[in-house]
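So the structure is just underneath, and the comments pick up after that.
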Amino acid sequence: MDKTYRTAGDAVADIPDGASIAVGGFGLVGVPIVLIRALHARGTGDLEVISNNCGVDGWGLGELLASGQIRRVIASYVGENKEFARQYLAGELELELTPQGTLAERLRAGGVGIPAFFTASGVGTMVADGGLPWRYDAEGQVVLESPPKETRVLDDLGEAKEYVLEKAIAADYGLVRAALGDRHGNLVFEESARNFNPMAAMSGRITIAEVDRLVEPGEIDPDAVHLPGIHVQRIVELSEAERSDLPVEKRTTRPA
1 MDKTYRTAGD AVADIPDGAS IAVGGFGLVG VPIVLIRALH ARGTGDLEVI
51 SNNCGVDGWG LGELLASGQI RRVIASYVGE NKEFARQYLA GELELELTPQ
101 GTLAERLRAG GVGIPAFFTA SGVGTMVADG GLPWRYDAEG QVVLESPPKE
151 TRVLDDLGEA KEYVLEKAIA ADYGLVRAAL GDRHGNLVFE ESARNFNPMA
201 AMSGRITIAE VDRLVEPGEI DPDAVHLPGI HVQRIVELSE AERSDLPVEK
251 RTTRPA
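Read in the UniProt record's numbering, the sequence shown has 199 at position 199, and its numbers run on one by one without any break.
Now the structure itself:
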């Protein structure tokens, strides 16, 4: 039951080129940066990444993006990363934009064995009707569009409403960041770092967690566990230097 790995490099060593990876984090909060850098160092490429966004220029998933290791992204947000936008518009990167709540539920559904679900989000838009540009060519022409999705009118407390069918996401691997974990893989997230991390962990067939602090089984109160160890297959404890690498996404100041 001891799921610990000595280094992040050891933990990601078997991730192959072409793998799909669900990555936790929102902006720069709760990002598994050490595991991402281990993948970067190995040169693992042709990756399909599922994450709320793709980091920022030069940090987080932006590091894999800048080195050309990502082939496709499923995300809800492009902003804050100029290289992400450049690659997408230049035809170097395929992008499937998904409403944020829908993305979270697609990841969760993939982890609990629900193959698809109906949601009202996106009804009456290109999300449901199809036609969202997934890939451009170098001349800026759309060469791949999102397909139309199944819709159905369902009863909602006596009112008929239209819903769109969304498919679950079951990724090959999940990469997440937690504040506390034990050797069985039970995790506790710190405040807003809880964001997409639990869902990304549930989605991955093999999930790897980097944790600020590792404790022995039984030291975490069962009621305090945010994600049970059944969803985590590997765990790596960070060094002091690694866990303190937490940049500020936006600095705002005012006159003294």
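Every residue, glycine too, gets a C-beta built ideally from N, C-alpha and C.
{"Check": "Exposure label - residue 182; buried when at least 16 CB within 10 Å", "Outcome": "buried"}
{"Check": "Residues that DSSP places opposite residue 228 in a beta bridge", "Outcome": "Residue 228 pairs with nothing; no bridge assigned."}
{"Check": "Span separating the alpha-carbon of residue 44 from that of residue 157", "Outcome": "49 Å"}
{"Check": "Boundaries of the alpha helix (DSSP H) in which residue 36 is found, first to last residue", "Outcome": "33-42"}
{"Check": "Classification of residue 204 by the beta-carbon crowding that lies within 10 angstroms, buried from 16 upward", "Outcome": "buried"}
{"Check": "Cross-strand partners of residue 133 (DSSP beta bridge)", "Outcome": "145"}
{"Check": "Residue 252 versus residue 198: straight-line alpha-carbon distance, rounded", "Outcome": "30 Å"}
{"Check": "Segments assigned beta strand (DSSP E), at least 3 residues, entirely inside the region 39-82", "Outcome": "47-50 and 70-75"}
{"Check": "Buried/exposed call for residue 87, threshold 16 Cβ in 10 Å", "Outcome": "buried"}
{"Check": "Distance CB(residue 24)-CB(residue 177) smaller than 8 Å", "Outcome": "yes"}
{"Check": "Endpoints, the alpha helix (DSSP H) within which residue 101 is located", "Outcome": "100-112"}
{"Check": "Selection from 124, 125 and 108 that minimises the alpha carbon distance to residue 117", "Outcome": "108"}
{"Check": "Close Cβ partners of residue 4 (< 6 Å) along its chain, the five nearest in sequence each way excluded", "Outcome": "183 and 235"}
{"Check": "Alpha carbon of residue 114 to alpha carbon of residue 169, nearest angstrom", "Outcome": "10 Å"}
{"Check": "Classification of residue 207 by the beta-carbon crowding that lies within 10 angstroms, buried from 16 upward", "Outcome": "buried"}
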